[in-house]
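*Asks:* Those letters in the sequence shown? Residues 4 to 1102, by the numbering used here. Let me begin by handing over the structure; questions about it come next.
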Amino acid sequence: MSMFRYSGNGSMRYNAKELAFIAIQPAKFFTKEGPLYMRTSQGSHVWTRKKDVYNERWCRLRGNLLFYFKGRDLLSEPQGVIVLEQCFVKEEYAEIQSFAFCIEFVGEEHNQYFAAHSAELRDEWVAILQKGSYESLRSQFHSLRAQLLARTGQDPIDEERHGVVGKSDPAESSSREPVLEMSISCTELPKNNHGVSPSTFVSISCVTPPDTRWSKSGQTEIIDQNSNPFFLTTIAFETSRNISPITRLRANIYEVQDRNIHKVVPIGQVICSFRDIVTSPENRLVLDVIGTDGSKSGATITLLLWELEQSDISRPTSAIKPENPLKQMLGPPPQATPRRTRSMSLSRDNYFRALYCSPCTKTYRYPDVDGTHVLVQEIMVESKLSFSIPQQMIKLFLREERKKLEELNMFGELSRDWEDVRSSIMAEHVHLTVRYNESLEHLSKRTRGPQFKRSVDKAERLLEFVPINLHLQRLRVEQPGHREKMYDVVTVGAPAGHSMKFKHGGLKRLMQQYSDEQNRSVGLALVKCAIGSIGQSPIPAEQLAKIGTEAKLDWSTSNLMMAAKHFTIDTMKSKAHDLAEKVCEIVVVCEAPFMENMYNQYRIAQTNGKPPRKGTAKSMKNQSHQPHQSDPDGECSHSSGSSNISAGGGGRGANHRKSTHSSPSSNHVELRGKDYEAWEWNGAIEDFVRSTSSNSEGSSGGQANGCASSSATTWHGICHKLHANMESIMQAIELLPDSASVKERESAIDSGVKNLKESVRHLEDQARYSVGFYRMQEENKNLTLLQTLQCGEMLSYHEAISALIAGVITKVRSNIHNVGFLNQACRIGILVDFESLLSTYGDEMGMIEDMSVGIKDLEFVSFKFAQNRNIDADLIPVIGGTRSNIIVTVPLPQTLYNELPMEFHKGGGGPTISVHPIMFSVGMNEEQSLAELFGDTSLQDVINRESLQKLEIYYEQFIRNVPAEARLPTESSLALDVLMSGLQHHVAAKKNKNMDILHVSAQLIRRMNGVRVTSCKSAKDRTAMSVTLEQCKILQDEHQMPSQMFAHLLDTMRSEGTRRDNTRKNVGVNKYAFNNLQIRAFPKQYRPPEGTYGKTVVT
């Protein structure tokens, strides 16, 4: 095709062969065709000036495509095509050719001129070309929609998209609860002119007299080439439609001739009333189909209606009194209307209503092998946590940023060079604080509207902390003779720093860069000085965190004084031993050379010290010798002795980051970065201040002059003094006789306890300066890189934790009566499986890196459940703790809280439930094909292997702690050990696009009562393919769905189900954003049905 005209902001890619095929279609597919004169430039030589001449061309208009041919022979290819977008058409009277008009493109100098054979033809072409563009059609659409809304007071679009709550208030969803459902089938539909059975669907509309406007209630899926279709999609009738016995129902049957352009022709229709259906035997009405000519077509349609009873699961079953106005209106029919109880209704369950909104439901019905029918329902809801959790996380981060600024301020006066360093670091933290406050202010204003972030807003900076397209997808199965079952999946866009882009890779690559910078800038001498031996933590962050949270010195001393006052000498000795353990922990931590060295460097920086030059190994080596020198006043010494207090208090505390198995490469990437983050994120120093000085008089206040008062005692001297004070307390207790009075016992240890607290306070002051100065040095070395690392991990962590909380609380709510699951959660925690469909190519490689780091950080999140005593308070979870130890408190209504086992009602808020996040990733699109051919998929392999190791550990705990009778009942023939062996085999196998990893891991996680989370870039298109496939596999494995129904139901869910509505909510078009190249690259089970996809929008 020689010419392609288009005006736009960027280039348009097109398939010339497909355009040529469209151009030669029959005339019935075109809006208008006929001859036109087209102005072209002619010139045979380079030095010859080109002349504009008009040549006759045969033109054909289809949609916004204007094709032109050299002649009327349509067997040859068209000469070109003009896309009628971003242009306008006007008449031209200055042209040499009569009856001319011009197509003028916006922003282009060269326009296209045509001329017709007459003024009438010119006017026709101008009018129809002006209406051909998408922009013109869209304006007409909005105009007609506004007119209908003004006349009827109802938005016709909401009626057409049945089951979707549009812009209405989520609280009004109760009025949209279905009360009736209908199943449809047809027989003997006539074949088309080619003798082929038609591809059909049925559309249902209703009208209640005296109203004369038919409103659409829904439509079935399309069944290809079948004269006797049984439609799986059911039609629901909501309470808002005011159904009555005289309500008329119309079923229109259509044949689909072209799915891509939505061309359909009517086959026939039937009209009846609801009274006709409910008075028929078993509510099954069979009617003859009336053809388009008004006569019987020979086909029949069967309408089966049943009533839905909503049950409130928050109350006992005996207390439920269904009041259905429809039943009262219809009266008692000859045979009772089949009634099905639909529990877990969003509008009936107060807890789910507080956390979720805007439900979208789709129902299907298929025949089982035993002749009965299975009812399947898809429910998709938005989560109110999408905006509430990020706001709480931002507030938590703001508090810690303020603490960092206070820590930088506590150094008082420094030398000029170090003052510049401090100023630059403070500027970065202030900038980050401003960024937090801007996002928090913006999020706090979003009280109405959709409760999720659209995929097109993924890079919006003010929404960067909000998870992308967070929804809960529920599959509900109702099978005769079996209990109702539900299966949940949380869908969310990839937790990553989308607003930061991925030009320089993701977090793993940045951590590797930071590690390389450290290796280049830090000499071996400094490493040995700060670390002691390669591989150990450069600072005792974990031990200090333990002291700050578990080893409360004031609590131990108070217990000792209480024992002296109210108990015996033996009790005093026991409490003294506990106190010795705490003191031992403090001494072990503070005796590390690092603490003294850093404090000495701080003292030097107060006078004439200079910061090391960034990235210079020599300067860092030179500074590595500074800690061994005395400070200018000769007050500090580098030597430190070891304490001989024998107490067994060396364990790791709750704030200690969990150790995980990883490959050597990942350790190399994350070792130093993670050690730094431990300091960056823990609040141990502030806790330590409060714990050691809460029962004493005020400390120095954190200023430099406060430290100077205690600097006369060397670091080693203070550690030695701690040991001496503890020894004096122990000796005083040993010397006390058993008959000693209370006053004698108190006076014997009073001075020793006071001296011990004073020594600890002095040591804490100096330790606080050591840690703060170390942090300032670390940030000074790679300030920009560290801030980028922190922002990237912060964003992925925010998005991941929102999905985690939504999944965990939904799992607990659904299993509130399952004692086995609750005991499992208390003993071994809850397993959370993140499924990633991202490719290891381009930007998505950076997304996988961010996602893997964010999910790994979820290991430090725990849950507690509390009773919501305030009825007026909301039920949104409350986030507390620190960055490295998030505690999520989940408030439960009294009725639900009372259902929990006794372990949850114990003092202190009950048990703390841990989570075990894992991530399995397999790319599936055309970019993954490129990565497998020319790129690198090692990151995907490493992630899967590490997750398998974690899963194996949890699996062993599950087998040991959860007895067989307490496990989830299943109809699957595969045992747990078989699934685990299969997953190990698939992870070890070298196979491209090995989707079996995802299938087997999902089945294994469900069998172990785990939480499922599915992600792709936007949780919209590839996620839809994965979720629908998983739902069908569940029906096949757990409910023995016939194999011949698998493909039919899978296509039906993808064409008519809730996930297609999800695309409309995100981009305004109910099509999956796939092109033909992507479809061919997908595994076969992940391909959508024809007519449901198209690259029409940027997502």
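Glycine residues also receive a C-beta, built at the ideal position from the N, C-alpha and C atoms.
(1) Within this structure, are the beta carbons of N353 and P880 separated by less than 8 Å?
(2) Distance, Cα to Cα, M396 vs M514?
(3) Buried or exposed: where does N803 fall if 16 or more other Cβ atoms within 10 Å of its Cβ makes it buried?
(4) Mind checking which residues open and close the beta strand (DSSP E) that includes L378?
(5) Could you please give the first and the last residue of the uninterrupted alpha helix (DSSP H) stretch that includes A803?
(6) Confirm, please, whether the CB-CB distance from E381 to K406 is below 8 Å.
(7) Which same chain residues end up closer than 6 Å to F233 when comparing Cβ atoms and leaving out the 5 residues on each side of it in sequence?
(8) Quick one, are the C-beta atoms of E184 and F204 less than 8 Å apart?
(9) Buried or exposed: which applies to H420, given that a residue is buried once 16 or more other Cβ atoms fall within 10 Å of its Cβ?
(10) Distance, Cα to Cα, Q1167 vs E258?
(11) Would the beta-carbon of L399 fall within 8 Å of that of I882?
(12) Are the stretch 381–392 and the stretch 462–477 touching by the rule of at least three beta carbon pairs closer than 8 Å?
(13) Taking 8 Å as the threshold (C-beta atoms), are I293 and I270 in contact?
(14) Along the chain, which unbroken stretches of the alpha helix (DSSP H) at least 4 residues long are found entirely within the stretch 916–971?
(15) Taking 8 Å as the cut-off, decide whether the C-beta atoms of R778 and E403 are in contact.
(16) Am I right that D812 and V893 are in contact with their C-beta atoms under 8 Å? What's the rounded C-beta distance?
(17) Could you pull out every residue in the same chain whose Cβ sits closer than 6 Å to the Cβ of R457, ignoring the five residues on either side in sequence?
(18) Classify P1092 as buried or exposed, calling it buried when 16 or more other Cβ atoms lie within 10 Å of its own Cβ.
(19) Please state the DSSP three-state secondary structure of P173.
(20) Out of A239, G938 and L443, which one is the CA nearest neighbour of C363?
(21) With DSSP as the reference, please indicate the residues paired to V268 in a beta bridge.
(22) Report yes if the C-beta distance between L39 and L87 is below 8 Å; otherwise report no.
(23) Roughly how many angstroms lie between the CA atoms of V945 and K506, to the nearest whole one?
(24) Need the endpoints of the beta strand (DSSP E) that N58 sits in, please.
(25) Considering only the alpha carbon of each residue, which of R1025, S101 and S142 lies closest to E123?
(26) Considering only C-alpha positions, which residue in the set Q260, D373, N263 and T237 is nearest to V379?
(27) Should L78 and F33 be called a contact, given that it needs their Cβ atoms to be closer than 8 Å?
(28) Please classify D1064 as buried or exposed, where buried requires at least 16 other C-beta atoms within 10 Å of its C-beta.
(29) Are the Cβ atoms of A934 and T843 separated by less than 8 Å?
(30) Write down the C-beta distance between V492 and Q482 rounded to the nearest angstrom, noting that I regard them as a contact closer than 8 Å.
(31) Is the separation between the beta-carbon of P914 and that of C829 shorter than 8 Å?
(32) Leaving out five residues on either side along the sequence, give the residues of the same chain with a beta carbon under 8 Å from the beta carbon of T560.
(33) My assumption, with CB atoms under 8 Å, is that Q987 sits in contact with L951. Please give the rounded CB distance.
(34) Give me the residue from D980, E959 and N947 with the minimum Cα distance to K993.
(35) With the cut-off set at 8 Å, would you say Y359 and L401 are in Cβ contact?
(36) Given K953, which residues of its chain have a CB within under 6 Å of its CB, disregarding the five upstream and five downstream residues?
*Replies:* This is what the structure holds:
(1) In the sequence shown, residue 353 corresponds to position 350, counting from 1. In the sequence shown, residue 880 corresponds to position 877, counting from 1. No; because the gap between Cβ atoms is not below 8 Å, this pair is not in contact.
(2) Here residue 396 refers to the residue found at position 393 of the sequence shown. Here residue 514 refers to the residue found at position 511 of the sequence shown. Approximately 23 Å between the Cα atoms of the pair.
(3) Mapped onto the sequence shown, residue 803 falls at position 800. Here residue 803 is Ala; the residue named in the question, Asn, does not match the sequence. Counting Cβ neighbours within 10 Å, A803 comes out buried, since at least 16 surround it.
(4) Taking the sequence shown and counting its residues from 1, one reaches residue 378 at position 375. Taken as a continuous stretch (DSSP letters only), the beta strand (DSSP E) holding L378 covers H376 to S386.
(5) Taking the first residue of the sequence shown as 1, we reach residue 803 at position 800. First-last of the alpha helix (DSSP H) with A803: L786 to S817.
(6) Working through the sequence shown from its first residue, we reach residue 406 at position 403. Working through the sequence shown from its first residue, we reach residue 381 at position 378. No, the pair does not count as a contact, with Cβ atoms beyond the cut-off.
(7) Taking the sequence shown and counting its residues from 1, one reaches residue 233 at position 230. Closer than 6 Å at the Cβ level, and outside the excluded window around F233, lie S188.
(8) For the purposes of this step, residue 184 is identified with residue 181 of the sequence shown, where counting begins at 1. For the purposes of this step, residue 204 is identified with residue 201 of the sequence shown, where counting begins at 1. Not in contact: E184 and F204 (Cβ atoms no closer than 8 Å).
(9) The residue labelled residue 420 in the question sits at position 417 within the sequence shown. The displayed chain sequence assigns Asp, not His, to residue 420. So D420 ends up on the exposed side.
(10) Any property of residue 1167 remains undetermined from this structure, which presents the chain solely from 4 to 1102.
(11) Residue numbering aside, residue 399 sits at position 396 when the sequence shown is read from its first letter. Residue numbering aside, residue 882 sits at position 879 when the sequence shown is read from its first letter. Cβ atoms of L399 and I882: closer than 8 Å.
(12) yes
(13) Your numbering for residue 270 matches position 267 in the sequence shown. Your numbering for residue 293 matches position 290 in the sequence shown. No, the Cβ-Cβ distance between I270 and I293 is not below 8 Å.
(14) 929–937 and 941–964
(15) Taking the first residue of the sequence shown as position 1, residue 778 is located at position 775. Taking the first residue of the sequence shown as position 1, residue 403 is located at position 400. No. Outside cutoff.
(16) The residue you call residue 812 lines up with position 809 of the sequence shown. The residue you call residue 893 lines up with position 890 of the sequence shown. Residue identity differs from the one stated: residue 812 is Ile in this sequence, not Asp. The pair is a contact, with the Cβ atoms about 6 Å apart (cut-off 8 Å).
(17) Locating residue 457 in the sequence shown gives position 454, counting from the first residue. Only N1069 meet the Cβ criterion.
(18) By one-based count along the sequence shown, residue 1092 stands at place 1089. Classification of P1092: buried, given that the 10 Å Cβ count is 16 or more.
(19) Counting from one through the sequence shown, the residue named residue 173 turns up at place 170. Since pLDDT at P173 reaches only 37, below the 50 mark, its modelled position is unreliable, and no value is offered.
(20) In the sequence shown, residue 363 corresponds to position 360, counting from 1. Ranking A239, G938 and L443 by Cα distance to C363 puts A239 first.
(21) Walking along the sequence shown from the start, residue 268 turns up at place 265. Paired residue(s): E258.
(22) Mapped onto the sequence shown, residue 39 falls at position 36. Mapped onto the sequence shown, residue 87 falls at position 84. Against a cut-off of 8 Å, the Cβ pair of L87 and L39 comes out as no contact.
(23) Translated into positions along the sequence shown, residue 945 becomes position 942. Translated into positions along the sequence shown, residue 506 becomes position 503. Their Cα atoms are separated by approximately 22 Å.
(24) Position 55 of the sequence shown, counting from 1, holds the residue named residue 58. Element bounds for N58: K54 to R65.
(25) Locating residue 123 in the sequence shown gives position 120, where the first residue counts as 1. The shortest Cα separation from E123 among R1025, S101 and S142 belongs to S101.
(26) The residue labelled residue 379 in the question sits at position 376 within the sequence shown. Ranking the options by Cα distance to V379, first place goes to T237.
(27) Stepping through the sequence shown from its first residue, residue 78 is reached at position 75. Stepping through the sequence shown from its first residue, residue 33 is reached at position 30. Result no, Cβ atoms of L78 and F33 do not sit closer than 8 Å.
(28) In the sequence shown, counting from the first residue as 1, residue 1064 sits at position 1061. The residue is buried, with at least 16 neighbouring Cβ atoms inside 10 Å.
(29) Start at 1 with the first residue of the sequence shown, and residue 934 comes out as number 931. Start at 1 with the first residue of the sequence shown, and residue 843 comes out as number 840. In contact: A934 and T843 (Cβ atoms closer than 8 Å).
(30) Sequence index remark: in the sequence shown, residue 492 carries index 489 (1-based). Sequence index remark: in the sequence shown, residue 482 carries index 479 (1-based). 20 Å between Cβ atoms; not a contact.
(31) Locating residue 914 in the sequence shown gives position 911, counting from the first residue. Locating residue 829 in the sequence shown gives position 826, counting from the first residue. Yes. Within cutoff.
(32) As a position in the sequence shown, residue 560 is number 557, starting the count at 1. Here the set comprises L582, N698, V756, L759 and K760.
(33) By one-based count along the sequence shown, residue 987 stands at place 984. By one-based count along the sequence shown, residue 951 stands at place 948. With a Cβ gap of about 7 Å, Q987 and L951 count as contacting.
(34) Position 990 of the sequence shown, counted from the start, is the residue given in the question as residue 993. For the residues D980, E959 and N947, the minimum Cα distance to K993 belongs to N947.
(35) Here residue 359 refers to the residue found at position 356 when the sequence shown is read from its first residue. Here residue 401 refers to the residue found at position 398 when the sequence shown is read from its first residue. Not closer than 8 Å, so no.
(36) Numbered from its first residue, the sequence shown carries residue 953 at position 950. Once the five neighbours on either side are set aside, the close Cβ partners of K953 are I921.
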